[in-house]
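Structure first, commentary second.
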Amino acid sequence: MAVRSTITTLFQEVAREQQRQLAPLSDDLKLLQCGLDSLSFALIVARLEDALGYDPFDTVESFPVTFGDFVKLYEARAT
Amino acid sequence: MALWDSVIGAAAARGAALIGRARAVPLASLARASCLGGRLEALRGRSVMVAIGDQLTAAIALLELDGVARRMVLCTPDLPAEHLPHVARTAQADVWLGDATSSAAPEAAGLDFAIEADPAPVPLPGGARRPAGKAESQLDTEWVLLTSGTTGAPKLVAHTLASLTSAFVGREPGDSDSPRRMPGAGEGAAPVWSTFYDIRRYGGLQIYLRALHAGSLVLSSAGEATTDFLARAAAAGVTHISGTPSHWRKALMSGAAERFSPAYVRLSGEIADQGILDALRAAFPRAVVAHAFASTEAGVGFEVRDGRAGFPATLVGTSEKGVELDVSRGTLRIKSPGNASAYLGVGAPPLNDAEGFVDLGDRLELREGRYYFVGRSGGIINVGGHKVHPEEVEAVINSHPRVRMSLVRSRRNPITGAVVTADVVLADAMENPRETAADERIRQEILDACRAILAAHKVPATIRFVPALEMSPSGKLVRPGA
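Quick mapping for you: the protein sequence lines, in order, are chains A and B. Sequential numbering of the first sequence, starting at 1, is according to the numbering used here. Sequential numbering of the second sequence, starting at 1001, is according to the numbering used here.
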């Protein structure tokens, strides 16, 4: 749960910074439809690495498509 | 021979077209129609700022202007208006070519002679374009591309049609780089090209020119969602498509790649790591996944199709196809007919070194018979295909009254390849080594200043306060990898 809330907070923080309208975050929300651009995702991933201490993309097999995929990617590494 | 004359006969016969988001223009129709009409003659011999907003209109205008204009400056649609006077002056531009969607007005560039392109080709009054083969009246038009410079103002890089097409024109039919022999280009079936790039950038211009020589082209559209663009590409039967690794990561994240099955997927403009190559191979099992090394200044260095990051050491030292690669100084140096001819402008630095190579400072490391890119000397950061010069960002950070000095560097990132990160030394760093609430306020102020002045990709993703930065004996900041 801690991972999910960290991710949610960062999505909101970066959306505010980049002045982008963030769609309500749900597990089936497509990442590319959440209102953020590539740079925003790059910022989120960089800050998640600082906050959580790891970057699960370095061994990723398939790129996350939905917000739920994204959270799962990070939760899988946390356990 | 001008672009029009070298491509139009063959392309028209194949039913080739330029395909935009809202409409398609068969190349054959351009024999009798024009976006410039009678105004084309007014552009003869001139240095033209091509500041057309719409990419399809620009694609047609470039085709019409080659051989007619003395010089065309390919302004990218996102070129900030503040740089227009510098670009116009440096290119000695004497006419502005815009359209209804241009992002700026000719006055912004200091030009008072302007021509507006029609949004769609208009039938020529005489019924047909000037006959091909009037070679004596044709100019060897200079194509000028913009690339980012240290100070934030763009550098102007001059090419000719010959240098831009050297990677594929004049290839023997058996040559793997001959457009007709590209993967998936079966007998009789012309490839349908597409690119995530805008054609006013080197990577996009390469695809535009390849398509004109053999096939059709589906153009991307600014502001179009990745999912929509890929759906459009799939519907148009795109077989060959290019983009940066960052474009491709975004495409894979869109989920739209599942409904698309190209024969050839090309990456360029950034380092292609093994992760993105593997992900693309899994997503497009039918496709040849190739990564190319190319830059605005050096042209196309090579293309690698074995699905592995880096490039084989056997490519170095040889002069295959007139392209010579050298790594003896630790960076990739390229001497090739694809090299640009010069940087424009009084006092502009030479493009080639004393031995005739272009060296952009891409550092290499040799491991088990293969060279891998390990970043840029001079610290240039590539954020999703956009270059960032650290000095430009440092200048903004250092303008904060509490900042003593800063070091901006690259941080690896799985989405955009890299992001910008800053180490900042505060004026009272020694007395106050720990981060405090006051530091948090300074961090916000620095970021606000950066956001106000710099493009979004240049704003540091993270800022770290450090007690000191390493200096060289000559008093310069020690830059990683420099």
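We put the beta carbon where it would ideally sit given N, CA and C, even for glycine. As the structure is a computational prediction, the values presented were derived from the model and not from experiment.
What are the partner residues of residue i, as DSSP defines its beta bridges?
{"i": "Met1072 of chain B", "result": "B:Val1048 and B:Trp1143"}
{"i": "Arg1464 of chain B", "result": "B:Asp1423"}
{"i": "Met1405 of chain B", "result": "B:Val1425"}
{"i": "Val1478 of chain B", "result": "Paired residue(s): none; Val1478 of chain B is not in a bridge."}
{"i": "His1240 of chain B", "result": "B:Trp1193 and B:Tyr1264"}
{"i": "Asn1382 of chain B", "result": "B:Lys1387"}
{"i": "Trp1096 of chain B", "result": "B:Met1049 and B:Ala1114"}
{"i": "Gly1020 of chain B", "result": "Bridge partners of Gly1020 of chain B: none, in fact."}
{"i": "Ala1340 of chain B", "result": "In the DSSP output, where bridge partners are listed per residue, Ala1340 of chain B has none listed."}
{"i": "Ile1397 of chain B", "result": "In the DSSP output, where bridge partners are listed per residue, Ile1397 of chain B has none listed."}
{"i": "Pro1123 of chain B", "result": "B:Ala1033"}
{"i": "Lys30 of chain A", "result": "A:Thr66"}
{"i": "Arg1370 of chain B", "result": "B:Pro1312 and B:Arg1367"}
{"i": "Met1001 of chain B", "result": "Looking at the DSSP assignment, Met1001 of chain B forms no beta bridge with any residue, so it has no partner."}
{"i": "Leu1217 of chain B", "result": "B:Leu1018 and B:Trp1193"}
Between the Cα of residue i and those of the options, spot the shortest distance and give me the residue it belongs to.
{"i": "Gly1215 of chain B", "options": "B:Ile1276, B:Val1238 and B:Val1068", "result": "B:Val1238"}
{"i": "Leu25 of chain A", "options": "A:Arg77, A:Arg16 and A:Phe67", "result": "A:Phe67"}
{"i": "Tyr1197 of chain B", "options": "B:Pro1262, B:Ala1342, B:Phe1113 and B:Gly1384", "result": "B:Gly1384"}
{"i": "Gly1110 of chain B", "options": "B:Leu1161, B:Val1048 and B:Ala1158", "result": "B:Val1048"}
{"i": "Phe1302 of chain B", "options": "B:Leu1325, B:Leu1280 and B:Thr1160", "result": "B:Leu1325"}
{"i": "Glu1107 of chain B", "options": "B:Gln1092, B:Pro1123, B:Ala1088 and B:Pro1125", "result": "B:Ala1088"}
{"i": "Asp988 of chain B", "options": "B:Ala1234, B:Leu1065 and B:His1291", "result": "Lying outside 1001 to 1482, the shown extent of chain B, residue 988 of chain B is not represented and no answer is given."}
{"i": "Ala1488 of chain B", "options": "B:Val1068, B:Leu1056 and B:Leu1030", "result": "The requested residue 1488 of chain B does not occur in the structure, where chain B is confined to residues 1001 to 1482."}
{"i": "Leu1252 of chain B", "options": "B:Ala1283, B:Glu1270, B:Gly1269 and B:Gly1243", "result": "B:Ala1283"}
{"i": "Val1419 of chain B", "options": "A:Ala78, A:Ala46, A:Asp69 and A:Glu61", "result": "A:Ala46"}
{"i": "Leu1205 of chain B", "options": "B:Ala1272, B:Ala1167 and B:Ala1233", "result": "B:Ala1167"}
{"i": "Ile1060 of chain B", "options": "B:Tyr1208, B:Arg1443 and B:Gly1345", "result": "B:Tyr1208"}
{"i": "His1213 of chain B", "options": "B:Gln1444, B:Pro1191, B:Val1374 and B:Ile1271", "result": "B:Pro1191"}
{"i": "Asp1094 of chain B", "options": "B:Phe1113, B:Ala1235 and B:His1086", "result": "B:Phe1113"}
{"i": "Pro1337 of chain B", "options": "B:Arg1200, B:Ser1410, B:Thr1165 and B:Val1218", "result": "B:Thr1165"}
{"i": "Ser1254 of chain B", "options": "B:Tyr1264, B:Phe1229 and B:Asp1278", "result": "B:Phe1229"}
{"i": "Ala995 of chain B", "options": "B:Met1001, B:Asp1359 and B:Ser1261", "result": "Beyond the ends of chain B as shown, which are 1001 and 1482, falls residue 995 of chain B; an answer cannot be given."}
{"i": "Ala1279 of chain B", "options": "A:Lys72, A:Pro64 and A:Tyr74", "result": "A:Pro64"}
{"i": "Lys30 of chain A", "options": "B:Ser1034, B:Ala1256, B:Ala1002 and B:Gly1243", "result": "B:Ala1256"}
Beta strand (DSSP E) containing residue i: first to last residue?
{"i": "Phe1293 of chain B", "result": "Val1288 to Ser1295"}
{"i": "Leu1493 of chain B", "result": "Absent from the structure is residue 1493 of chain B, since the part of chain B shown begins at 1001 and ends at 1482."}
{"i": "Pro1085 of chain B", "result": "Run containing Pro1085 of chain B: none in the beta strand (DSSP E); it sits in the alpha helix (DSSP H), Leu1084 to Thr1090."}
{"i": "Ile1115 of chain B", "result": "Ala1114 to Glu1116"}
{"i": "Asp1326 of chain B", "result": "Glu1324 to Asp1326"}
{"i": "Leu1156 of chain B", "result": "Lys1155 to Thr1160"}
{"i": "Glu1303 of chain B", "result": "Gly1299 to Val1304"}
{"i": "Ile1334 of chain B", "result": "Thr1331 to Lys1335"}
Starting from the beta carbon of residue i, find every residue of chain A whose beta carbon is closer than 9 Å, and list them in chain order.
{"i": "Ala1031 of chain B", "result": "Result: empty, since nearest Cβ-Cβ is about 40 Å, beyond 9 Å."}
{"i": "Gly1275 of chain B", "result": "Phe57, Asp58, Thr59 and Val60"}
Tell me the residue span of the alpha helix (DSSP H) that contains residue i.
{"i": "Ile1415 of chain B", "result": "Looking at the DSSP string, Ile1415 of chain B is not in any alpha helix (DSSP H), and its letter there is neither H nor E."}
{"i": "Ser38 of chain A", "result": "Ser38 to Leu52"}
{"i": "His1386 of chain B", "result": "No alpha helix (DSSP H) holds His1386 of chain B; the beta strand (DSSP E) holding it covers His1386 to Val1388."}
{"i": "Ala1251 of chain B", "result": "Pro1245 to Ser1254"}
{"i": "Tyr1208 of chain B", "result": "Tyr1202 to His1213"}
{"i": "Lys72 of chain A", "result": "Phe67 to Ala78"}
{"i": "Ala1024 of chain B", "result": "Careful: Ala1024 of chain B lies outside any alpha helix (DSSP H), inside the beta strand (DSSP E) at Ala1024 to Pro1026."}
{"i": "Gly1275 of chain B", "result": "Gln1274 to Ala1283"}
{"i": "Arg4 of chain A", "result": "Ala2 to Glu17"}
{"i": "Thr1227 of chain B", "result": "Thr1226 to Ala1235"}
{"i": "Gln1138 of chain B", "result": "Gln1138 of chain B -> no alpha helix (DSSP H), and no H or E assigned at all."}
{"i": "Thr1057 of chain B", "result": "Gln1055 to Leu1065"}
Using a C-beta to C-beta distance shorter than 9 Å, which residues of chain B count as neighbours of residue i?
{"i": "Ser62 of chain A", "result": "Leu1252, Ala1279, Ala1282 and Ala1283"}
Taking residue i as the query, report the chain A residues whose CB atoms sit under 8 Å from its CB, ordered along the chain.
{"i": "His1457 of chain B", "result": "Leu39"}
{"i": "Thr1226 of chain B", "result": "Leu32"}
{"i": "Asn1413 of chain B", "result": "Ala42, Val45 and Ala46"}
{"i": "Arg1249 of chain B", "result": "Ser38 and Phe63"}
{"i": "Gly1384 of chain B", "result": "Ser38, Leu39 and Ala42"}
Quick one: which chain B residues come within Cβ less than 8 Å of residue i?
{"i": "Leu43 of chain A", "result": "Val1419 and Ala1461"}
{"i": "Phe67 of chain A", "result": "Near Phe67 of chain A there are no residues of chain B at all, since even the closest Cβ is about 11 Å away, more than 8 Å."}
{"i": "Asp27 of chain A", "result": "Correct list: empty, because the minimum Cβ distance to chain B is about 14 Å."}
{"i": "Gln18 of chain A", "result": "Ala1456"}
With respect to 8 Å, is the separation between the Cβ of residue i and the closest non-hydrogen atom of the ligand FMN below this value?
{"i": "Met1072 of chain B", "result": "Questions concerning the ligand FMN fall outside what the structure shown contains, since it holds no ligand whatsoever."}
Quick one: which chain A residues come within Cβ less than 7 Å of residue i?
{"i": "Ser1246 of chain B", "result": "Ser38"}
{"i": "Thr1416 of chain B", "result": "Ser38, Leu39 and Ala42"}
{"i": "Gly1255 of chain B", "result": "Lys30 and Val65"}
Is the Cβ of residue i closer than 9 Å to any Cβ of chain D?
{"i": "Leu1447 of chain B", "result": "Absent here is chain D; the protein component of the structure consists of chains A and B."}
Worksheet item: Do the stretch 1114 to 1128 of chain B and the stretch 1097 to 1105 of chain B make contact, defined as three or more Cβ pairs closer than 8 Å?
Response: yes
Worksheet item: Would you call the stretch 43 to 60 of chain A and the stretch 1386 to 1397 of chain B touching, i.e. three or more CB-CB distances under 8 Å?
Response: no
Item to complete: Answer yes if the stretch 1077 to 1091 of chain B comes into contact with the stretch 1154 to 1162 of chain B, meaning at least three C-beta pairs across the two stretches below 8 Å, and no otherwise.
Response: yes
Discussion item. Taking 8 Å as the cut-off, does the stretch 1369 to 1378 of chain B touch the stretch 1441 to 1459 of chain B (at least 3 CB pairs, one atom from each stretch)?
Written reply: no
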